[in-house]
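Some notes on the structure that comes next.
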Amino acid sequence: MRPEQATAGDLRYQLSFGQTARECRVQDGTMYIKVGVQGRVILGPFGRPGSVDVPLRYAVVREGPEPRTIITKFKRVGATIAADQSHVQFVDIEEGLAFPLPPAAELSSYVVYVGFDEMGDRNERKPERPARKPVARQQ
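This note's numbering applies: residue -18 is where the sequence shown begins, and numbers increase by one.
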């Protein structure tokens, strides 16, 4: 009989970060941040070789008494574990983090976060669809 809750023995994959790096530049009053991340996918007891989607979330947050998310971006990065391997590295470079340059006094409170987001794009706002125009019915 299997327990109701998942245990470490139920793992398919374990994801981890090895290194991160960032590069910032200012152009025309906009801050552009390029973030690179290198990590690893390790097979767990229930994992099998093959393709794995790594769910990455990048975020810039203004920390303080009232933290505020400035920008966030989600993406799935593909990694393939070969049949004779138990792990594989992944690398991603995100160049699309841009926002208006904050005042100099606030800049040191801006923090770049990179993490795994299992909810992924389900949290992303979908573009609003325009209202449908009523169609005249013929009788």
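Even glycine gets a Cβ: it sits at the ideal position worked out from N, Cα and C.
Quick one: measure Cβ to Cβ for Phe80 and Met12, integer angstroms, because I've assumed they're closer than 8 Å. 6 Å
How about Ser(-3) and Gly20: do their beta carbons lie closer than 9 Å? yes
If I measure Cβ to Cβ from Val92 and keep anything under 6 Å in the same chain, skipping five residues before and after, which residues do I get? Val42, Glu44
Would Gly31 and Ile62 qualify as a contact pair, given that the criterion is a beta-carbon distance under 9 Å? yes
Proximity test, Cβ basis, 9 Å: Met12 and chain D: The question asks about chain D, but that chain is absent: this structure has only one protein chain.
Would you call the CB atoms of Glu87 and Gly17 closer than 9 Å? no
Give the straight-line distance between the Cα atoms of Met(-18) and Leu(-8), rounded to the nearest whole angstrom. For Met(-18), the pLDDT reaches just 46, beneath the cut-off of 50, and the residue's location in the model is therefore unreliable, although a value from the coordinates is still provided. Their backbone Cα atoms lie some 18 Å apart in a straight line.
Give the DSSP bridge partners of Thr1, in chain order. Val18
For Gly96 versus Leu37, is the C-beta distance shorter than 9 Å? yes
Might you give, ordered along the chain, the residues of its own chain that have their beta carbon closer than 7 Å to the beta carbon of Gln(-5), omitting 5 neighbours on each side? Ile23, Gly25
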